[in-house]
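Here is the structure we will look at, set down as structure tokens.
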Amino acid sequence: MSLSGERLLSALRETGAFLKGHFLLTSGRHSADYIEKFRLLERPHLVAEVCQEWKRRLEGQDITIVVGPAVGGIVLAYELARQLGCRYAFAEGESHSRELRRGFVIGPDDRAVVVDDVVTTGGSLMATVKAVRQMGASLVAAAILVYRGQQPLNWDVPLEILLHLPLETYPPDDCPLCQKGESLVIPKRSSLSR
Ligand SMILES: [Zn+2]
């Protein structure tokens, strides 16, 4: 069974992925809403369902590699590549500058899909797109689990967004939660990247 947006939303609810408070997002913006994607990513059967839906949408595109930004993107890239029968790689580094390390080789013969979990501004995913293009590969699509931004993403890459959930975010210098003096929660991420 593949995963509709509605099914994904209820899976995120049922697994306790939605948190309320005052959070610092990877994008640097603040929000009262946080999606802890690992509530979903820690369940392989849900990751498999998500990837089945992308596989369906990407049918016949001759994908040779799936690339995701660490850390959540590794889980999704691995499973999508497993289902498509191709390679996967991951990009590391700070949010807006990602690179492929570990000797991953991507070249002009590759048709790549980049994949990410929860996207607010798309900074780290765009940085991954850039890294893949710099290595000469053709970019077939960018696959996003949840896009939580409010403006449409105007990218020169076809987007496969499974769930668009516009959630309010604020710049740090104009955040009503900061103004109320609510303490800021910095979600614990990898010390290397996210
Ligand atoms: Zn704030």
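Reading the sequence shown from the start, the letters are residues 89 to 282 in the numbering used here. For glycine and all other residues, C-beta sits at the position ideal for the given N, C-alpha and C. Predicted model, so just to flag it, every value in this text is computed and none were measured.
Query	Result
Check the C-beta distance from Ser119 over to Phe111 and give it rounded, since I have them as a contact under 8 Å.	5 Å
Do the stretch 123-130 and the stretch 95-109 touch if we need at least three Cβ pairs shorter than 8 Å?	yes
How close, in whole Å, do the beta carbons of Thr208 and Leu272 come, if the pair is a contact with beta carbons under 8 Å?	In fact, because the Cβ distance is near 16 Å, the residues do not count as touching under 8 Å.
Quick check: the Cα distance between Ile249 and Lys268, rounded to an integer number of angstroms?	34 Å
Within the same chain, show all residues whose beta-carbon is closer than 6 Å to that of Gly210, passing over the 5 residues directly before and after it, in chain order.	Leu241
With hydrogens ignored, establish whether the beta-carbon of His252 is closer than 8 Å to any heavy atom of ligand 1.	no
What residues does ligand 1 have around it, judged by CB closer than 5 Å to any heavy atom, in chain order?	His118, Cys263, Leu265 and Cys266
Nearest to Ala219 by CA position, among Val201, Ile232 and Ala169, is which residue?	Val201
Identify which residue in Leu251, Pro260, Lys276 and Arg277 has its Cα closest to the Cα of Trp142.	Leu251
Cα separation between Arg282 and Gln149?	At Arg282, the pLDDT of 42 sits below 50, so the modelled position is not reliable and the matter cannot be decided from this model.
Take the Cβ of Ile194 as the centre, count every other Cβ of all protein chains shown within 10 Å, and call the residue buried at 16 or more, exposed below.	buried
Mind checking whether Asp205 and Ile232 have CB atoms under 9 Å apart?	yes
Would you give the residue range spanned by the alpha helix (DSSP H) that His133 belongs to?	Pro132 to Arg145
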